[in-house]
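Q: Protein chains in written order, with our numbering: chain A, 31 to 205; chain B, 31 to 205.
Backbone N, C-alpha and C define an ideal beta-carbon position, used for all residues, glycine too.
Before I ask anything, let me first share the structure, which is written out below as structure tokens.
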């Protein structure tokens with residue numbers, strides 16, 4: 031799929047058929063995430079890919095707004111090794127880096143004909159702890175988000191979110 | 031360009047020819063950024079596109095690691111209207127959203143045959159203030175980063191950053 035098409039037509043998908051996705055495709059999504067830039071090129075990204083039905087169910091129990099995981103049937107957790115990231119947990123460089131990686135995962139899913147939806151873990155401590163405990167993630171690894179991944183029904187249509195009033199040339203101009 | 035190719039072969043570009051880019055292409059980059067997801071779909075993104083030579087020079091004066099702006103000759107600032115973003119400046123949802131938007135800009139640049147390099151403003155207050163003052167950005171709008179955009183010389187070659195040890199299946203496993 032053409033890059034600009036993927037970027038402009040990607041949207042959060044919450045309606046899934048419930049079909050399974052092969053591990054090759056899931057690994058491609060993690061590979062796409064890992065290609066994101068990281069501050070000082072520290073490459074602190076970790077990806078936990080979940081395709082076990084019981085773990086998916088357990089994840090949804092502690093994450094509000096995550097019911098689509100049950101029909102998506104797969105999840106990718108984007109996380110940072112804070113002992114490696116520039117500034118560790120004391121700056122939010124790790125957040126910026128992991129968010130860029132998450133966007134890569136969403137776009138790669140779109141390119142593969144899959145659907146994806148980003149659910150926040152960080153900065154909500156109770157959600158971070160729930161993800162950590164469910165997947166046995168150690169203390170130095172902090173999950174940013176849980177991305178539901180599945181086969182879309184096609185009911186979620188692309189939307190044009192462009193608003194030219196949010197673009198300024200060379201200096202700010204109030205619209 | 032194919033989406034997965036753009037994602038996997040994109041890299042930070044710091045070597046530019048100094049050639050100019052048309053405003054249509056620059057606007058496409060902002061459009062790509064605006065297509066990123068935002069927490070609660072608040073669409074709080076703002077993009078300031080700089081192609082004025084004097085402003086580019088002034089931007090570099092207050093931003094370390096930004097000398098490539100001088101040969102890139104163009105910059106896109108990704109910013110958030112904190113009065114609109116979910117949680118305002120009190121959570122870092124705006125950071126996550128703007129970082130996803132920035133990644134879209136980088137990928138769209140790659141797809142158009144351009145080169146781009148992300149330079150952080152936030153969370154460094156002195157850099158945020160320098161960008162704000164240089165471009166007359168009001169208080170409620172917070173710049174996340176300054177992206178240098180230009181025509182690449184071709185000397186910056188793609189790198190494979192994939193490390194399978196950073197992928198876990200269904201639960202954490204120490205490598």
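Could one say the Cβ of residue 73 of chain B lies closer than 9 Å to chain A's Cβ atoms, at least one of them?
A: By one-based count along the second chain, residue 73 of chain B stands at place 43. Residue 73 of chain B counts as touching chain A.
Q: With a cut-off of 8 Å, do at least 3 Cβ pairs link the region 38-53 of chain B to the region 97-108 of chain B?
A: A contact exists between the region 38-53 of chain B and the region 97-108 of chain B.
Q: Mind listing the chain B neighbours of residue 61 of chain A? Cutoff is C-beta to C-beta under 8 Å, in chain order.
A: Locating residue 61 of chain A in the first chain gives position 31, where the first residue counts as 1. By Cβ distance, chain B contributes 38, 192.
Q: Using beta-carbon positions only, say whether residue 148 of chain B and residue 137 of chain B come within less than 9 Å of one another.
A: As a position in the second chain, residue 148 of chain B is number 118, starting the count at 1. As a position in the second chain, residue 137 of chain B is number 107, starting the count at 1. No, the pair does not count as a contact, with Cβ atoms beyond the cut-off.
Q: I want to know whether the region 64-78 of chain B touches the region 194-201 of chain A - three or more CB-CB distances under 8 Å.
A: The region 64-78 of chain B is in contact with the region 194-201 of chain A.
Q: At a CB distance below 8 Å, what residues from the region 103-127 of chain B approach chain A? Give them in sequence order.
A: Listed in sequence order: 121, 122, 123, 125, 126, 127.
Q: In angstroms with no decimal places, state the Cα-to-Cα distance between residue 107 of chain A and residue 171 of chain A.
A: As a first step, residue 107 of chain A must be located in the first chain, where it is residue number 77. As a first step, residue 171 of chain A must be located in the first chain, where it is residue number 141. Looking at the two C-alpha atoms, the distance is approximately 11 Å.
Q: Assign residue 196 of chain B to one of three DSSP states: helix, strand, or coil.
A: For the purposes of this step, residue 196 of chain B is taken as the residue at position 166 of the second chain. Correct three-state label for residue 196 of chain B: helix.
Q: Just how far apart, CA to CA, sit residue 78 of chain B and residue 42 of chain B?
A: For the purposes of this step, residue 78 of chain B is identified with residue 48 of the second chain, where counting begins at 1. For the purposes of this step, residue 42 of chain B is identified with residue 12 of the second chain, where counting begins at 1. Taking the straight line joining both Cα atoms gives about 20 Å.
Q: May I ask you to verify whether the region 140-156 of chain B touches the region 80-94 of chain A, counting CB pairs closer than 8 Å and requiring at least 3?
A: Verdict: no, contact absent.
Q: Taking only runs that begin and end inside the region 138-190 of chain B, name each unbroken beta strand (DSSP E) of 3 or more residues, in chain order.
A: With a minimum length of 3 residues, the continuous beta strand (DSSP E) runs that stay inside the region 138-190 of chain B are 145-150, 171-180.
Q: Kindly give me the distance between the Cβ atoms of residue 69 of chain A and residue 116 of chain A, rounded to whole angstroms, as I take these residues to be in contact under 8 Å.
A: As a first step, residue 69 of chain A is located in the first chain; it is residue number 39 there, counting from the start. As a first step, residue 116 of chain A is located in the first chain; it is residue number 86 there, counting from the start. Correct: roughly 4 Å between the Cβ atoms.
Q: Kindly indicate which three-state DSSP category residue 69 of chain A falls into: helix, strand or coil?
A: Locating residue 69 of chain A in the first chain gives position 39, where the first residue counts as 1. Of the three classes helix, strand and coil, the one that applies to residue 69 of chain A here is helix, per DSSP.
Q: State buried or exposed for residue 109 of chain B, treating a residue as buried only when at least 16 other CB atoms are found within 10 Å of its CB.
A: Walking along the second chain from the start, residue 109 of chain B turns up at place 79. Flag for residue 109 of chain B reads buried.
Q: Pick helix, strand or coil for residue 111 of chain B, following the three-state DSSP scheme.
A: What you label residue 111 of chain B is simply residue 81 of the second chain in a count that begins at 1. Reduced to three states, the DSSP call for residue 111 of chain B is strand.
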